[in-house]
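Colleague:
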Amino acid sequence: MRSGIPNFCAVALALHDLGYKASGIRLDSGDLAYLSIETRKVFHAIEKEFNIPGFGKMIITASNDLNEETIDALNKQGHEVDAFGIGTYLVTCYSQAALGCVFKLVEINSRPRIKLSEDVAKVSIPCKKRCFRLYGKEGYPLVDIMIRESEPSPKAGERILCRHPFLESKRAYVVPQHVEELLHCYWPGSSDKPRAELPPLLKIRSRCMQQLEKLRPDHIRRLNPTPYKVVILKSSFIYICLFLTISLES
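Here the numbering used here is used: the first residue of the sequence shown is 871, the next is one more, and so on.
(1) According to the Cβ coordinates, are V1013 and C1001 closer than 7 Å?
(2) On a Cα-Cα basis, can you pick out the residue from R1092, N937, I984 that is closest to V869?
(3) Excluding sequence positions up to five away, which residues of its chain have a Cβ less than 8 Å from the Cβ of S976?
(4) Taking just the CA atoms, how far does T931 sit from K1099?
(5) Can you grab the Cα-Cα spacing for the pair Y890 / I1102, in whole Å?
(6) Taking only three categories from DSSP, how would you classify R1065?
(7) So for M1016, helix, strand or coil by DSSP?
(8) Under DSSP, the beta strand (DSSP E) around E1083 begins and ends at which residues?
(9) By alpha-carbon positions, which one of I922, D887, G1006 ends up nearest to Y1043?
(10) Excluding five sequence neighbours on each side, which residues of the same chain lie with their C-beta closer than 7 Å to the C-beta of Y1056?
(11) Just list the alpha helix (DSSP H) runs in the region 906 to 987, keeping only unbroken ones of 4 residues or longer that don't cross its boundaries, in chain order.
(12) Rank L897, I922, S893, A892 by C-alpha distance to the C-alpha of S873 and give the top, closest one.
(13) Which stretch, first to last residue, makes up the alpha helix (DSSP H) that contains L1090?
(14) Let me make sure I understand the geometry here. Which of F925, N877, S987, S893 has the alpha-carbon closest to that of S899?
(15) For F1036, report the span of its beta strand (DSSP E) as first-last.
(16) Is P1046 closer than 7 Å to L1004 when the C-beta atoms are compared?
(17) Quick one: give me the first and last residue of the beta strand (DSSP E) that G894 is part of.
(18) So, with DSSP's three-state summary, where would you put P1095?
(19) Counting C-beta neighbours from all protein chains within 10 Å, is the total for C879 16 or more, i.e. buried, or is it exposed?
(20) Consult DSSP for C1001 and reduce its assignment to one of helix, strand or coil.
(21) Determine the contact status of D952 and I916, defining contact as a CB-CB distance below 7 Å.
(22) If distances are taken between C-alpha atoms only, which option among G926, E908, D901 comes closest to A813?
Have a look at this one:
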């Protein structure tokens, strides 16, 4: 309400001056009912203030893994949504949940970038990264660790302090018996970068099944599975805290 909607209205007004008409917005997170109602109020205020007929009826579309229960709840509490974007629950069945993936910009022209959000889980980790899987004595993966591209790779037999990306109090020492790098370049951004040959689909499927078999049984059990952890190094944690502080102040 303090960024997205005002910016949209500014662009919509500029388009109106040029003879174009904006169609509407999409709400993809947060309290969809509340946000749609508040957004509609802003649209009506803009229509009245600038005398633009129809601005108050701008289309508001809502998405974010919507299903019939969510839409029913929205209808019962009241909202100003004109259209619902149903994606995940339209193309997948309930027992085969989809894996949601979102690409975020983390660096541009060698300068790190961060996405800020009131939801901590949606705050991105800045800068280019490498990712490694650390294995224990029994052969099971212990954690996946992300490091900055400039940091040295973790080594087998080396005592590593692993931290939660955002919670300073959550930390643990890990001594991996085997280290596997997970990220490989298949589609480089420029032709001068080396790239690996993409394996055939059957080989990718086979590797996926092998990786699942390596997981501890408590990680893949259907009832109350143990969350598999992704961590960062101490130096990366300090870097993120400093970058986040600077970003918030600016």
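The beta-carbon is built from N, C-alpha and C at its ideal position, and this holds for glycine as well.
Modeller: Taking the coordinates as given:
(1) no
(2) Because the chain is modelled from 871 through 1120, residue 869 falls outside the range shown and cannot be assessed.
(3) The identity of residue 976 in the sequence shown is Val, whereas the question assumes Ser. Answer for V976: P982, R983, I984, S994, I995, P996, C997, K998, K999, listed in chain order.
(4) 34 Å
(5) In this structure, the straight-line span from the alpha carbon of Y890 to that of I1102 is close to 47 Å.
(6) coil
(7) Strand, per DSSP.
(8) First-last for E1083: 1071 to 1084, but that is the alpha helix (DSSP H), not the beta strand (DSSP E).
(9) Out of I922, D887, G1006, G1006 has the C-alpha closest to the C-alpha of Y1043.
(10) The answer, listed in chain order, is R1065, A1066, L1068.
(11) 938 to 947, 958 to 961
(12) L897
(13) For the record, residue 1090 in the displayed sequence is Ile; it is not Leu. Its alpha helix (DSSP H) spans residues 1087 to 1090.
(14) Comparing Cα-Cα distances from S899 to each of F925, N877, S987, S893, the minimum goes to S987.
(15) Per DSSP, F1036 belongs to no beta strand (DSSP E) and is neither H nor E.
(16) yes
(17) Segment 894 to 897, the beta strand (DSSP E) holding G894.
(18) coil
(19) buried
(20) strand
(21) no
(22) The structure shown does not extend to residue 813, since the chain is modelled only from 871 to 1120, so the question has no answer here.
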